[in-house]
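Colleague: Input: one structure, supplied below.
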Amino acid sequence: MVYDFCGSQSGFNCGSRDEFSAGSRDDFESGSRDSFSADAQNSLSSSKNIVNACECTCTCTDPSKARIFADFVNNPGVKANNQQIIQGDCFRITVITDSLIRLEWSDDGNFVDAPTQMVVCRDFSGGNSVQPKFCAREDENGWLEVETDKLLLSYNRKSFSKEGLSIVVRGVPCSQFNTWHYGDDCPGNLLGTARTLDEADGAIKLDYGIMSRDGWAVLDDSKSCVIVPESEVNGKPNPYGAWVKPRSQEFDSHDLSSHDNSNNASQNNRYRDLYFFGYGHNYIDAIRDFYKLTGSQPLLPRFAMGNWWSRYCRYSQSDYENLMSRFKREAIPFSTAVIDMDWHIRDVDSKYGSGWTGYTWNDQLFPDHKAFLRKLANEGLAPTLNLHPRDGVRAFEKDYPQVARDMGIDPASGKAVEFDLTNPRFVEAYFNMHHRMEDEGVKFWWIDWQQGGVTKQAGLDPLWMLNHMHYEDLARDGGWPLTFSRYAGPGSHRYPVGFSGDTVTTWNSLAFQAYFTSTASNIGYGWWSHDIGGHMLGVRDNELEARWYALGAFSPINRLHSSCSPFAGKEPWNFPRETRDAMVKMLRLRASLIPYLYTMNYRAAFENRPIVEPMYWQSPEVGAAYEMPQEYRFGSELIVAPVVSKNDDAVTRGCAGVWLPAGDWYDFFDGRRYVSRGWNGRRFEAWRALDRVPAFARAGAIVPMQVLPSVEDCARSDEAAESVNSVENPRSLRVLAFPGADGEFVMREDNGRFEDACAGKTADTSMRFVWRDGNGSTQFVIDAAKGCDSAVVALPSERDWSVVFRGVACPDFSRVRVFVGDSQLESNAVEVSYEGEESTLSLTVCVRNVPVCECVRVIVDGGLCIAQDPKVGDAYRLLLQAQVPYRGKEMAFDAIREAGGSASALSALSALEYEREEQMIEQQNSVDMVNAHACVQPSVVKWAQWRCTLPGSVKRALEEILLRESTCMSA
């Protein structure tokens with residue numbers, strides 16, 4: 001008999017226990033425990049210890065402390081519905097969705113329903129009656145089969161083994177490994193992330209993610225602790241009302257696999273708790289359900305979207321203040337000020353050990369630290385301090401007497417307060433100390449934990465505990481929580497921002513960070529922060545620094561950092577002009593993107609879509625999407641492929657491999673159109689100057705940006721300089737609209753209050769792009785701001801709007817009309833301009849002082865047209881800068897010009913190309929310079945031939961230009 005566990009069936013009673021003996025094999029049901037022996041009825045009456053947080057209440061009376069674990073213990077969905085459960089004496093199977101199954105084995109029949117460090121919800125129904133559909137049956141050999149629309153599980157009802165437990169994932173194209181046997185490795189896993197990149201020079205080994213080309217992945221939650229209500233811990237009062245505990249004394253984890261994601265089998269399982277993700281290639285569904293299981297990414301404060309300044313440097317108070325002032329004067333915006341460990345006393349008496357841990361301001365460097373923190377805040381900077389908390393609180397600390405008293409230690413004894421996160425009393429004293437510093441102006445903490453994963457409690461990683469406690473504690477009294485720390489395993493996305501560690505300054509590190517950021521989304525970790533520019537060692541390379549800044553501009557977090565070497569600073573003015581200009585351009589671009597980034601912040605939190613996504617998420621059946629490791633989607637509108645290798649000497653540009661899905665795409669910076677046709681999309685090389693990044697917007701894309709004070713304004717106006725760091729909801733916005741298709745975008749803003757933001761109390765400005773190219777009127781509509789009153793009033797009362805149609809031909813300006821509300825503006829109230837082929841191919845329409853409660857409509861009668869591709873001009877500009885023989889340039893440009901910039905010029909270019917770049921150098925060195933101009937010398941022929949060649953790299957760069965709009969190119 002087959003039972004449909006989502007509906008009623010004859011003989012089926014949801015939630016009841018049922019014998020499954022040899023004589024009654026057809027009566028198998030879900031609900032509670034199930035016995036498979038002849039004396040099953042007797043064993044059913046025995047009690048089982050099911051840890052269930054939902055049946056308990058938190059005993060803490062202090063709301064600020066109770067909230068530390070409230071999201072865990074108060075979540076009604078943490079316990080699966082009985083209708084989802086199939087259970088035997090020592091096993092339990094929970095069907096969470098048709099693609100997500102929990103597998104538990106316990107030698108003594110104890111199972112866990114409480115939340116764990118990783119998992120916070122197992123019932124996705126949200127309180128309604130809809131449960132996943134599945135059928136359970138026993139086959140002719142006595143094996144249990146559980147079937148959903150997507151999976152078929154076969155199980156011999158014994159201790160988990162490769163031979164006795166398997167799951168087939170249906171509908172996985174082109175995979176011969178779509179069947180998982182317990183303990184299988186996962187060769188097709190698309191990987192996740194790692195704890196740290198400390199001391200890495202390039203690639204490191206990554207943990208598994210939840211996505212695989214084979215269609216399945218397994219997460220092991222066997223070792224993590226549970227969070228349960230506890231009025232006492234170790235016999236002493238617990239001020240938090242709940243605590244992190246080992247699963248049970250009976251659960252022995254010594255025989256568990258050491259692999260983080262548990263794909264190695266263990267024949268002698270004491271306890272196993274696995275989550276099988278069988279989503280095939282439906283990667284977006286997989287990540288959304290992962291977030292349901294483990295909790296969503298929280299909202300970040302707006303300032304986190306801007307530029308962060310950080311350096312391991314022995315700054316004084318005046319040094320730091322002067323540095324921040326110079327950044328403002330030079331119109332270089334920053335929103336976060338990171339102060340590394342020299343803020344605190346480091347030179348301590350040897351009897352105390354090292355000065356690595358510290359909580360007392362160094363008043364020799366910071367004579368008035370309160371004034372310092374106030375000044376940073378007044379300049380629009382959020383201060384964060386570095387912490388190395390391992391050594392606890394020692395007698396030389398200013399706060400020692402109070403912390404000692406809080407711990408019941410006589411301060412006169414000088415006894416150190418031991419760092420012990422398993423002791424709630426210490427945790428309370430520890431945070432009381434931090435609260436006093438936060439009251440002085442510290443916004444959040446850089447938790448620089450580097451001392452391993454062991455505490456006095458088995459299975460409790462101190463890094464996880466620090467991340468969780470610091471994040472939740474900062475939300476007390478309505479604060480906006482934020483941490484800055486290393487990754488502590490699956491579920492760590494709940495505690496942004498990530499600190500990836502101290503990397504080596506090399507091209508290898510740059511290249512790997514782009515890939516590392518993207519794959520981290522495969523385990524839901526969407527807010528990595530890297531040491532942009534590299535931290536230590538390596539070689540000074542101006543070009544490398546500029547390219548790293550470009551990666552930072554299109555990263556989840558952009559934080560500059562470097563070591564204390566006097567030669568490792570990242571200040572742009574310490575670099576040559578070309579490098580400096582590229583750096584400043586990227587820092588200003590990043591700050592201008594805050595409206596877009598902050599909206600993507602909401603998308604990440606409410607729609608469960610990380611800001612950076614691998615290309616294969618939306619194109620899972622296209623092989624090329626898996627083959628571009630440094631390329632990724634950046635929010636909903638953009639694709640980015642940063643340059644991660646040195647410029648080609650001949651082209652004087654850097655190259656990045658790009659794959660674009662089918663459709664029309666536009667260069668984000670200059671509006672050139674790239675046509676991609678066919679199922680497989682299009683691959684090509686993108687060649688970009690030092691101040692450019694291969695970034696592409698889809699047709700119809702809309703990207704809102706804020707307008708920053710100009711460099712000139714900041715240099716001559718204190719008022720302008722003072723506003724450059726602002727992350728307030730902006731008054732002046734510049735909206736890029738890319739042609740070729742209709743588009744929509746909703747820009748989200750709020751009042752800066754965390755609880756309101758989490759409740760979705762936003763001010764939403766909807767934007768609509770109606771594209772017409774000659775058969776109607778092109779329109780761009782900016783609706784009046786709507787939403788929660790408290791958020792709307794937090795907006796400026798009026799705004800300046802600049803709508804930039806990028807990649808379009810110049811229209812007759814008389815065809816441009818602008819309406820505010822129902823009234824058309826006079827032409828002298830509207831600024832219209834156009835930038836041609838040597839710039840961005842952009843039509844800009846600007847209107848000022850528009851009330852936020854009014855709608856703006858920009859109409860171009862007769863429609864706009866996509867700009868004619870300036871291939872000939874772009875080819876000329878590339879050849880002008882190319883470091884190659886003049887004669888070769890001339891012949892190449894003649895061929896391109898004669899072909900009208902069409903692809904037919906490629907055949908002529910190929911005749912000028914050597915098979916290898918080395919051949920050009922060899923022939924150049926072989927020229928007889930003494931007799932080169934003598935008509936009778938044979939070397940003249942050799943000289944002329946050399947003068948008529950082009951390196952292959954130049955030909956490939958020209959190829960990109962000539963084939964941009966070709967419909968014949970594919971992956």
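Take 1 as the starting number for the sequence shown in full-length UniProt numbering and just add one per residue.
The C-beta atom is built at its ideal place from N, Cα and C for all residues, glycine as well.
Keep in mind it's a predicted model, so treat the numbers as computed, not measured.
(1) Just to confirm, is the Cβ distance from Pro620 to His281 under 7 Å?
(2) Beta-carbon within less than 8 Å of Ser953's beta-carbon, same chain only, minus the 5 sequence neighbours each way: which residues are those?
(3) Determine the direct distance from the alpha carbon of Arg682 to that of Leu660, and round the result to whole angstroms.
(4) What does DSSP give as the partner residues of Tyr271 in its beta bridges?
(5) Does the stretch 819-835 touch the stretch 758-772, meaning 3 or more C-beta pairs lie closer than 8 Å?
(6) Taking the Cβ atom as the reference point for each residue, do residue 1010 and Pro610 lie within a distance shorter than 7 Å?
(7) Determine the burial state of Glu637: buried for a count of at least 16 other Cβ atoms within 10 Å of its Cβ, exposed for fewer.
(8) Cβ of Gly478 within 7 Å of Cβ of Glu755?
(9) Which residue from Thr506, Lys375, Trp446 puts its Cα closest to that of Tyr359?
(10) For a quick check, are the C-beta atoms of Glu960 and Phe684 less than 7 Å apart?
(11) Find out if the Cβ-Cβ distance for the pair Asn178, Asp149 is shorter than 7 Å.
(12) In this structure, how does DSSP classify Gly209 when only helix, strand and coil are distinguished?
(13) Could you pull the start and end residues of the alpha helix (DSSP H) that Met600 belongs to?
(14) Is it buried or exposed for Lys205, if we count other Cβ within 10 angstroms and need 16 for buried?
(15) What are the start and end residues of the alpha helix (DSSP H) that includes Ile961?
(16) What residue from Asn680, Gly678, Ala695, Trp679 has the CA that sits closest to Ala686's CA?
(17) Can you tell me which of the three DSSP states Ala641 falls into?
(18) Considering only residues of the stretch 837-885, which uninterrupted beta strand (DSSP E) runs meet the minimum length of 3 residues and lie entirely inside it, listed in chain order?
(19) Measure the beta-carbon distance from Leu958 to Ala892 and round it to whole angstroms, keeping in mind my assumption that it falls under 8 Å.
(20) Between which two residues does the beta strand (DSSP E) containing Met705 stretch?
(21) In three-state DSSP terms, what is Glu232?
(22) Here's a check: name, in chain order, each residue in its chain whose Cβ is nearer than 7 Å to the Cβ of Leu950, leaving out the five neighbours to either side.
(23) May I ask you to check if the CB of Glu637 is nearer than 6 Å to at least one heavy atom of the ligand ATP?
(24) What separation, rounded to the nearest whole angstrom, lies between the Cα atoms of Leu151 and Arg270?
(25) What are the complete beta strand (DSSP E) segments, minimum 3 residues, inside the stretch 363-431?
(26) Less than 7 Å between C-beta atoms, sequence neighbours within five positions excluded: which residues of the same chain meet that for Pro811?
(27) Terminal residues of the continuous alpha helix (DSSP H) containing Trp464?
(28) Can you give me the C-alpha to C-alpha distance between Lys955 and Asn322, rounded to a whole angstrom?
(29) Under a Cβ-count criterion, where at least 16 other Cβ atoms within 10 Å of its own Cβ denotes burial, should Leu880 be classed as buried or exposed?
(30) Taking Cβ positions, are Gly862 and Arg815 nearer each other than 7 Å?
(31) Quick check on the DSSP output: what are the complete beta strand (DSSP E) runs of length 3 or more inside the stretch 68-143, in order along the chain?
(32) Taking one C-beta from the stretch 504-517 and one from the stretch 465-482 each time, how about it: are there three or more such pairs within less than 8 Å?
(33) Could you check what DSSP says for Tyr525 in three-state terms: helix, strand or coil?
(34) May I ask you to list the residues that DSSP assigns as paired with Arg673?
(35) In three-state terms, what does DSSP make of Ala655?
(36) Given a cut-off of 7 Å, decide if Leu299 and Val119 are closer than it, judged by their beta-carbon atoms.
Modeller: Considering the structure as presented:
(1) yes
(2) Asp648, Ala650, Val651, Cys655, Glu917
(3) Their Cα atoms are separated by approximately 5 Å.
(4) Tyr271 pairs with Ser106.
(5) no
(6) As shown, the chain starts at 1 and ends at 971. That puts residue 1010 outside it, with no answer to give.
(7) buried
(8) yes
(9) Trp446
(10) The answer is yes: Cβ separation under 7 Å.
(11) no
(12) coil
(13) 594-607
(14) exposed
(15) Here the alpha helix (DSSP H) through Ile961 covers 952-962.
(16) Ala695
(17) coil
(18) For the stretch 837-885, whole beta strand (DSSP E) runs of length 3 or above, ordered along the chain, are 842-851, 856-860.
(19) 7 Å
(20) 702-706
(21) strand
(22) Val884, Gly888, Ala892, Leu909, Leu912, Glu913
(23) As presented, the structure is devoid of all ligands, the ligand ATP included, so that no description of it is given.
(24) Distance between the alpha carbons of Leu151 and Arg270 is about 26 Å.
(25) 382-387
(26) Within the same chain, Cβ atoms closer than 7 Å to the Cβ of Pro811 are found at Leu843, Val860, Leu864, the five residues on either side in sequence being excluded.
(27) 462-474
(28) 48 Å
(29) Label assigned to Leu880: exposed.
(30) yes
(31) 85-87, 91-95, 100-106, 135-138
(32) no
(33) coil
(34) Its beta-bridge partners are Tyr666.
(35) Here residue 655 turns out to be Cys, not Ala, going by the sequence shown. Strand.
(36) Taking the C-beta atoms as reference points, Leu299 is found no nearer than 7 Å to Val119.
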